[in-house]
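> Quick note on numbering: numbering that gives the first Met the number 0 labels position 30 of the sequence shown as 29, and the sequence is numbered without any gaps.
Take a look at this one; I'll ask things after.
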Amino acid sequence: MTGVDVDRLALSHELASLAERFAIEATLWREPSAREECERTARHLAELSRLAIWSSSNIETLTAYADAARLLAGHIEGTRRFFKIILTPPNINRK
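What follows is the structure in structure tokens.
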């Protein structure tokens, strides 16, 4: 009987979730280069998710990729929100 490596399974799920997060983020950007980079990162993370399960890849390395992707996703989301705020005209109600 082979045991299930729960750590690898959880890491694979986290990488897949991050890939989906980047894929969604790609749809929210107007700038084509930003969309392309988010899509590319999503593809890489999806591949890493598969590697976490189907290969004997170093789990510490894959964990480092997940940590870096989580941090990068936060920065990208924050940057998009910043641009949205500064590019949205103010709503001034004067009576």
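Heads up, the beta-carbon is just placed ideally off N, CA and C, and yes, glycines get one too.
(1) What number of angstroms, rounded off, separates the C-alpha of Leu44 from the C-alpha of Ile23?
(2) Give the straight-line distance between the Cα atoms of Glu46 and Pro89, rounded to the nearest whole angstrom.
(3) Please indicate yes or no: does the CB of Asp6 lie closer than 8 Å to some heavy atom of the ligand NAD?
(4) Since Trp53 is in the alpha helix (DSSP H), which residue starts that stretch and which ends it?
(5) Nearest to Ala72 by alpha carbon, out of Trp53, Ala33, Thr87, Asp6?
The relevant details are as follows:
(1) 13 Å
(2) 42 Å
(3) Looking for the ligand NAD in the displayed structure turns up nothing, as the structure carries no ligands at all.
(4) 31 to 53
(5) Ala33
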